[in-house]
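The structure appears below as structure tokens.
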Ligand code: GLA
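Numbering (the UniProt record's numbering), first residue to last: 1 to 352.
Written out as structure tokens, the structure reads:
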């Protein structure tokens, strides 16, 4: 019997790089999904293909970190991590079709991990928190990207027309209604087409700076810090982003509960400025997209995801969508940057 299982990408509405600082984030799932077709077979390997590459990769079920690299490392990582966690892993063939752009800050990697995980579990009931940890371990220990738990939790706990408030200190996930369309506001997803990767050094450098700052402040994590005034230089700026971003997440939840999208927009813009000036993870290209969207009528705009490329999200009164679309296209064209894709989006459903 063959199994088809899919998992969405995610958009982080706000709360960037807060996950590995025991802070808060507020993601939604994307309508775009990665789908896996799994045909189990009595063999000691998985034969894996994808629509993104002509290569067919054979993964032994006893694979260990280092065996497989490139896109297939995410699949092999899940095999390894499932086995390490004590779950049986079946052999067979896996065909992947990716509906989430790679390197766009929309968590194509966690979508792939969660889709493969769901297919290989073949309906076995495994707690979502445990699934998130298995997928994260695949990414941290097999692929070698020192990422937090945001993407996996965002995907595994997703619900249509809802964001999820995640508290990474006690790992609670609380649904927060998110339906801007019902209030005449559109969430625009603007893909800059500039790509990133988190196994590179910048992500790890931000994580190390946060750990140094917490240690200097004498706290277990930056979640416990309220003032960063005793720090200086770059570490102070990095820590200030985390402390102010945590508050912006809570303020966004409050503004959403009052359907105050004007305030949510201002918090988006403040978050972008903090990522640009304090955490230094945006690029001039993304800054141009975000500031142009706001000048053309968006309530607010921010880069989403780990940074250094990817997407900007903008909250736009529905009647201003065309003006924002045209202004952003014109600005990036004049700056000699690639043509973006710009589309309205909504909070989608979780894996299944
Ligand atoms: C990437 C990581 C997440 C998180 C975000 C930034 O998506 O995978 O764990 O740190 O960056 O918020």
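Where is the CB? At the ideal position from N, CA and C, for every residue including glycine. The model shown is predicted, which means the values in this text are computed figures rather than measured ones.
Can you grab the Cα-Cα spacing for the pair residue i / residue j, in whole Å?
| i | j | result |
| --- | --- | --- |
| residue 164 | residue 53 | 33 Å |
| residue 67 | residue 144 | 12 Å |
| residue 71 | residue 258 | 42 Å |
| residue 135 | residue 87 | 13 Å |
| residue 138 | residue 128 | 15 Å |
| residue 277 | residue 335 | 21 Å |
| residue 174 | residue 158 | 10 Å |
| residue 369 | residue 105 | As displayed, the chain neither begins before 1 nor continues past 352, which places residue 369 out of reach and without an answer. |
| residue 229 | residue 30 | 38 Å |
| residue 260 | residue 185 | 11 Å |
| residue 284 | residue 232 | 25 Å |
| residue 350 | residue 338 | 31 Å |
Using the beta-carbon count (16 or more within 10 Å), is residue i buried or exposed?
| i | result |
| --- | --- |
| residue 125 | exposed |
| residue 16 | buried |
| residue 55 | exposed |
| residue 340 | buried |
| residue 306 | buried |
| residue 78 | buried |
| residue 4 | exposed |
| residue 85 | exposed |
| residue 171 | exposed |
| residue 6 | buried |
With distances taken between CB atoms, is the gap from residue i to residue j smaller than 7 Å?
| i | j | result |
| --- | --- | --- |
| residue 296 | residue 324 | yes |
| residue 33 | residue 45 | no |
| residue 117 | residue 38 | no |
| residue 96 | residue 147 | no |
| residue 303 | residue 282 | yes |
| residue 226 | residue 248 | no |
| residue 292 | residue 255 | no |
| residue 189 | residue 345 | yes |
| residue 195 | residue 23 | no |
| residue 246 | residue 18 | yes |
| residue 41 | residue 92 | yes |
| residue 152 | residue 115 | no |
| residue 210 | residue 21 | yes |
Please check the pair residue i and residue j, which I expect to be a contact at CB under 8 Å, by giving their CB distance rounded to whole angstroms.
| i | j | result |
| --- | --- | --- |
| residue 274 | residue 244 | 6 Å |
| residue 132 | residue 156 | 5 Å |
| residue 89 | residue 83 | 5 Å |
| residue 27 | residue 154 | 3 Å |
| residue 315 | residue 187 | 6 Å |
| residue 206 | residue 279 | 7 Å |
Considering just the uninterrupted stretch of the beta strand (DSSP E) at residue i, what are its terminal residues?
| i | result |
| --- | --- |
| residue 303 | 300 to 304 |
| residue 91 | 91 to 98 |
| residue 340 | First-last for residue 340: undefined, no H or E at that position. |
Need the endpoints of the alpha helix (DSSP H) that residue i sits in, please.
| i | result |
| --- | --- |
| residue 118 | 108 to 121 |
| residue 262 | 261 to 277 |
Chain C beta carbons: is any one of them nearer than 7 Å to that of residue i?
| i | result |
| --- | --- |
| residue 193 | Looking at the structure shown, chain C is missing, and only one protein chain is on hand. |
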